[in-house]
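In our numbering, the protein residues as written are 43 to 246. Data block below; observations after.
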């Protein structure tokens, strides 16, 4: 599954402008396609981790930390590592040791993926959605639909629901006729999340 820029922005808290700047600076290039822009699921995980770190440290420190990965021979995709920060530096846990990527000294505790997946406020002061549950009745499961947001307990993608409801001809109450496993609340959340994704596309 590949993720276009708007949904990547919605799930990570990185604005489309920032995504473009980070591509230009080589902070993270889309793994699937650069034209059109298509990020992989692990790109989305890494970008969310970067946004979480960026909420705690300057962009300069984040860039210095990411540049240091090669120096420490950490060549895997950034999503393979656990990062952490005390607000002054950035550390990475490669599974063997915790390395300070900015100051090159001392030990710090790395963030767990659970912490990064929880809602947080990015450096712009914008609330970032819960990664596992971007809406109460939507979920992200990497083993289902490649991590694409679906209605809870189903394989129905959120955008299949919102596309059906978008014209206003059908209401959430009609959705059961098309997708019997989708509740009215699930349909409403799919429509709401679709509107949120559209805001990211507009750079709101």
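Note that beta-carbon positions come from the ideal geometry of N, C-alpha and C, so glycine has one too. As the structure is a prediction and not an experimental result, all values here were calculated from the model.
Q: Pull up the DSSP beta-bridge partners for residue 180, would you.
A: Note: residue 180 sits in a beta bridge opposite 177, 193.
Q.
Taking DSSP's pairing of strands, which residues face residue 75 in a bridge?
A. 80, per the DSSP bridge assignment.
Q) Which term fits residue 231, buried or exposed, when burial requires 16 or more other beta carbons within 10 angstroms of its beta carbon? A) Residue environment: residue 231 is assigned as buried (16 or more neighbouring CB atoms within 10 Å of its CB, all protein chains considered).
Q) Would you call the CB atoms of residue 236 and residue 211 closer than 8 Å? A) Using a Cβ distance threshold of 8 Å, residue 236 and residue 211 do not count as a contacting pair.
Q: Report, in whole angstroms, the separation of the C-beta atoms of residue 70 and residue 93, which I expect to be a contact under 8 Å.
A: That pair is no contact at about 11 Å.
Q: Would you check if the distance between the CB atom of residue 179 and the CB atom of residue 198 is smaller than 8 Å?
A: Against a cut-off of 8 Å, the Cβ pair of residue 198 and residue 179 comes out as no contact.
Q | Segment contact, 8 Å Cβ cut-off, at least three pairs: the region 50-57 with the region 114-128 | A | The region 50-57 makes no contact with the region 114-128: fewer than 3 CB pairs, one atom from each, lie closer than 8 Å.
Q. How long is the line joining the alpha carbons of residue 226 and residue 172, rounded to whole angstroms?
A. If you draw a straight line from the Cα of residue 226 to the Cα of residue 172, it is about 21 Å long.
Q. Going by beta carbon distance, what residues of the same chain come within less than 8 Å of residue 58, once the five residues before and after it are set aside?
A. Excluding sequence neighbours, residue 58 sits near 47, 48, 51, 242, 243, 245.
Q.
With the cut-off set at 8 Å, would you say residue 80 and residue 110 are in Cβ contact?
A. A distance of 8 Å or more separates the beta carbons of residue 80 and residue 110.
Q) Along the chain, where does the beta strand (DSSP E) that runs through residue 69 open and close? A) Per DSSP, residue 69 lies in no beta strand (DSSP E) segment and is marked neither H nor E.
Q.
Just to confirm my understanding: we take residue 164, look at its own chain, exclude 5 residues before and 5 after, and list those with CB closer than 6 Å. What are they?
A. Hits under 6 Å: 55, 93, 97, 170.
**Q.** Delimiting residues of the beta strand (DSSP E) encompassing residue 200
**A.** Counting along the chain, residue 200 falls outside any beta strand (DSSP E), though it belongs to the alpha helix (DSSP H) covering 200-207.
Q. Which residues in the same chain as residue 166 place their Cβ atom closer than 7 Å to its Cβ, once the five residues preceding and following it in sequence are excluded?
A. Taking C-beta separations shorter than 7 Å and ignoring five residues to either side along the sequence, residue 166 has no partners in its chain.
Q: Output the distance between the C-alpha atoms of residue 82 and residue 76, rounded to the nearest integer angstrom.
A: Cα atoms of residue 82 and residue 76: separation of roughly 11 Å, rounded to the nearest angstrom.
**Q.** residue 56 - DSSP class collapsed to helix/strand/coil
**A.** When DSSP states are grouped into helix, strand and coil, residue 56 belongs to the coil group.
Q) Who pairs with residue 163 in a beta bridge, going by DSSP? A) Per DSSP, 169.
Q | Inter-residue spacing [alpha-carbon to alpha-carbon] between residue 144 and residue 85 | A | Going from the Cα of residue 144 to the Cα of residue 85 covers about 22 Å.
Q. Among residues of its own chain, excluding the 5 on either side of residue 129, which ones have a beta-carbon nearer than 6 Å to its beta-carbon?
A. Non-local beta-carbon contacts of residue 129 in its own chain, meaning distances under 6 Å to residues more than five positions away in sequence, involve 98 in chain order.
Q: Between the Cα of residue 68 and those of 95, 78, 157, 106, spot the shortest distance and give me the residue it belongs to.
A: In terms of Cα proximity to residue 68, the closest of 95, 78, 157, 106 is 106.
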